[in-house]
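Colleague:
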Amino acid sequence: MSDSGSCHGAAPQTGNRKAGHYVALVGPPNAGKSTLFNRLTGLRQKVANFPGVTVEHHVGRVKDAAGRDLFVIDLPGIYSLTPRSEDEQVTHDVLTGAKPSLGLPDGVILILDSTNLQRHLVLAAPVLALGLPTLVVLNMADDLATRGGKVDPAALAREIGAPVALISAATGEGVERVVQFLHGTGARPVAPQPRVELPVLPNLPARRRWAGKVGLQAGYTAPAPPEWTRRLDALFLHPVCGPLVFLLVVLAVFQGIFTGAQPLMDGVEALVAWSGEQIGHLLPVGMLRSLLVEGVWGGVGSVVVFLPQILLLFLFLGILEDSGYLARAAVIADRTMSRVGLQGKAFIPLLSAYACAVPAIMATRTIEDKRDRLATVLIAPFMTCSARLPVYTLLIAAFVPNTPLLGQFLGLQAAVLLGLYLLGFAAAVGTALLLRSSVLRHAKTTFVMELPAYRRPSLRSLLLRLIDRAVVFLQRAGTVILLVSVLLWVLAHLPYKDGKAPPIEESIAGQIGRAVEPAIQPLGFNWKIGIGLITSLAAREVIVGTLGTIYGIENAEQDSPPLIESLRKDLTPGGAFALMIFFAFAMQCFSTVAIVRRELGSWIWPAAQFVYMGGLAYLGALAANQIWLRVR
Amino acid sequence: MQLSFKNGVVQTLAQLPAGAQAYLQRLDLPEEISQRLMELGFLPGAAVVAAGSAPGGDPRIFRVDGSEIALRRDTASHLYISSQPLPESDQL
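The listed protein sequences correspond, in order, to chains A and B.
Residue numbers for the first sequence follow the working numbering, beginning at 40 and rising by one.
Residue numbers for the second sequence follow the working numbering, beginning at 2 and rising by one.
(1) Three-state secondary structure (DSSP) at C628/A?
(2) Identify whether E580/A lies in helix, strand or coil by the three-state DSSP scheme.
(3) Mind checking H159/A: buried by the 16 CB within 10 Å criterion, or exposed?
(4) With distances taken between CB atoms, is the gap from L156/A to G254/A smaller than 8 angstroms?
(5) Beta-carbon separation of A21/B and A51/B under 8 angstroms?
(6) Is DSSP giving K138/A helix, strand or coil here?
(7) Going by Cα to Cα distance, which pick from E604/A, F622/A, P491/A, T405/A is closest to L575/A?
(8) Please return the same chain residues whose Cβ sits closer than 7 angstroms to the Cβ of I150/A, not counting the five positions on each side in sequence.
(9) Taking the C-alpha atoms as reference points, what is the distance between S119/A and L490/A?
(10) Could you list the residues in the segment 66-77 of chain B with a C-beta less than 9 angstroms from some C-beta on chain A, going in chain order?
(11) Would you tell me roughly how many angstroms separate the C-alpha atoms of E69/B and E40/B, rounded to the nearest one?
(12) Which of the three DSSP states is assigned to V111/A in this structure?
(13) Is there a Cβ from chain A that is less than 8 angstroms from the Cβ of Q36/B?
(14) Name the two residues that bound the continuous alpha helix (DSSP H) containing M488/A.
(15) Short check: CB of W566/A to CB of G552/A, under 8 angstroms?
(16) Under three-state DSSP, which class holds V525/A?
(17) Please report the residue range of the alpha helix (DSSP H) in which A291/A lies.
(18) I want to see whether chain B comes within less than 8 angstroms of E212/A, judged by CB atoms only; does it?
(19) Does the segment 340-352 of chain A come within contact of the segment 298-307 of chain A, defined as at least 3 CB pairs closer than 8 angstroms?
(20) Can you tell me the Cα-Cα spacing of D126/A and R61/B, whole angstroms?
(21) According to a CB-to-CB cut-off of less than 8 angstroms, which residues of the segment 119-134 of chain A neighbour chain B?
(22) If you measure between the beta carbons of T76/B and T485/A, is that distance less than 8 angstroms?
(23) Secondary structure at C423/A, three-state DSSP: helix, strand or coil?
(24) Of all the options T154/A, I589/A, A578/A, which has the alpha carbon lying nearest to the alpha carbon of M626/A?
(25) Is the CB of A51/B under 8 angstroms away from at least one CB in chain A?
(26) Kindly indicate which residue of E333/A, L505/A, L287/A has the alpha-carbon position closest to the one of L82/A.
(27) What's the call for H131/A, buried or exposed, on a 16-neighbour Cβ count within 10 Å?
(28) Exposed or buried, V650/A, counting other C-beta atoms within 10 Å across all chains shown (16 or more means buried)?
(29) Within 8 angstroms of any Cβ in chain A, is that where the Cβ of G20/B sits?
(30) Got a sec, what are the start and stop residues for the alpha helix (DSSP H) G659/A sits in?
(31) Output yes if chain B places a C-beta closer than 8 angstroms to the C-beta of E489/A; else output no.
(32) From the DSSP output, in three-state form, read off P31/B for me.
(33) Rounded to whole angstroms, what is the Cα-Cα separation between I296/A and C424/A?
(34) With a threshold of 8 angstroms between beta-carbons, can D42/A be considered close to chain B, or not?
(35) In chain B, which residues lie less than 9 angstroms from G635/A when you measure between Cβ atoms?
(36) Under the rule that 16 or more other beta-carbon atoms within 10 Å means buried, what is W313/A, buried or exposed?
Given below as structure tokens:
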């Protein structure tokens, strides 16, 4: 990119139409759009949102024949051009040039699944009728061939009056035809080729008949049914084996993201601590060093620690999704989910929420129905995310004796932890039922799920997506969390006295802690816990660090382990249980608030959610402490 | 529940036994969901084969227009079927 000047470096949606030519990649879901996109653009891509809507898409850069930049926009998967959902509206607007910042695309790549050509060709009619230079890509050529199907691309091209390429995006076979098309697009002025003589196609049945006829003319032979898929489904959807496999998969994912991620997380934690020390050595003792090492590095580091776990979660989900099992998991889960007014597609986001609510809420995008998606987003933060674990483990270690309950199998500590997981789950179910009987009363859930043939996931695709997720996560850690960390540091270290930070109780944070003390005293919390509650608004586990700092300052010169001992002296068992319950319910996480706002496109829902979860947390903690006070 | 009777036999997709084939007659569902189903191949006149189901029997899986689609029984009970293909003129 020698000419990465002011205009070329930017993606086209940033405004300047002249910045580069662009080609829109469209197609139905499951046609292999993302696989082709990844093949074409590799790492030269980024995620973007269209202004004003939450529809996420990728923009990738390739070179045209003249060496100029050409942008490829991966549009959301659609079944028709009739704008009904937000996804379809965006695709419709881009293809008709209704997005003023983009203008008309210089070309369109329409990708269809060749193993189900006639149904997919239905989308070709409205796309071709736009009159833009269009390449029709028939994907999954390898599948088509192995299953005995065939099609004559040249004959199809004659029928529809547009170039046709038969490719396999997964193996790379035939992709050079797409590259050739891209090379031609940038050089070609935007002059719509003669409009194809398409019959007037007023409705779906007519379009489907047209697609059938065109397919016939193109010598299309539908492939044999996917043998392996049928065999695997006989097992995976078997009345007895199906649920067993399902359970095994869920347990494996769980085990993987908790046990498997632990060494990696420890590694990242050590790395953050070590690098923080190295930075510390470079700076003179003082305010700046404290701000950088404790505020910035410590704050951001406490979130970056979760990166391995989140990436591992996405790796598992990616494998399940690309192989086709995820669709079956949703079908199996649907019956249970429908009892609480949710649907099968909500299962995966809710499972992900046990690692972190942020990727979980992003994963709700697969739920087309807006109300179903809303309900899922609103209950996801109740799932016991891994940021709650450090808080739980600290309090349990301090207050729960490890008495064996069921011999070797279950100790009291593990039972309490399990109880907290169940508590969060129960709150989610209760909230779902509450939503269904109030705000979402009139919404009827439906569940429609296409079951794609099983496929071997492509490593390349998986890795590109992981890199993508890591970048998104680190950007968030680098912005919101960074700001909050700096703010908290300032609150805990000001006002300066004699050139030094004041004792914590005299800092602004300490004063705030004392100010809220009367409100939290009935819960059994003192002002120190109050500071922790405030700092943990940024992220739940921050309270552990905050309490460590507060008690560390108090008991300076003492040997560790000070935190557990100090907590035992400072907090009653009632207060400790109240604190656990508070963390089970409260939405103590800025990242989650921010992502809910982004995904639902309004502040109203995250605000209501924050108040509701906070209220529940307060009442739950109050009840726990008051009951303890009366029965002890 | 609203039922359509043909020769005294209930005729919706929900009742189609596994392995059997029928032809879709009409979709008695709100616009939004029936459009979506039609895009997936559930068009009047289309041949539908009942395949398996999730463990527990709901949702059920149907083969239509070259793909497999899972639908809840409740949704399937609003898709009316007949054992004969529709006459050509009725398909629109």
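A virtual CB, placed ideally from N, CA and C, is assigned to each residue, including glycine.
Since the model is a prediction, treat every value here as computed from it, not as a measurement.
Modeller: With the structure as the only source:
(1) strand
(2) coil
(3) buried
(4) yes
(5) yes
(6) coil
(7) Looking at the sequence provided, one finds Ser at residue 575/A rather than Leu. Among E604/A, F622/A, P491/A, T405/A, the Cα nearest to that of S575/A is on F622/A.
(8) L64, G66, A70, G71, K72, L75, V176, N178
(9) 19 angstroms
(10) D66, G67, S68, E69, I70, A71, L72, R73, D75, T76
(11) 13 angstroms
(12) strand
(13) yes
(14) It is not in any alpha helix (DSSP H) - M488/A instead sits in the beta strand (DSSP E) that spans 487-490.
(15) yes
(16) helix
(17) 280-294
(18) no
(19) yes
(20) 27 angstroms
(21) S119, T121, R123
(22) yes
(23) Reading the sequence as shown, one finds Thr at residue 423/A and not Cys. It is coil, neither helix nor strand.
(24) A578/A
(25) no
(26) L505/A
(27) buried
(28) exposed
(29) no
(30) 643-670
(31) yes
(32) coil
(33) 11 angstroms
(34) Note that D42/A scores 35 on pLDDT, short of 50, meaning its location in the model is unreliable; the coordinates nonetheless yield the value given after this. It does not; no Cβ of chain B falls within 8 angstroms.
(35) Going by the sequence as given, residue 635/A is Val instead of Gly. Here the premise fails: no neighbours, minimum Cβ distance about 25 angstroms.
(36) exposed
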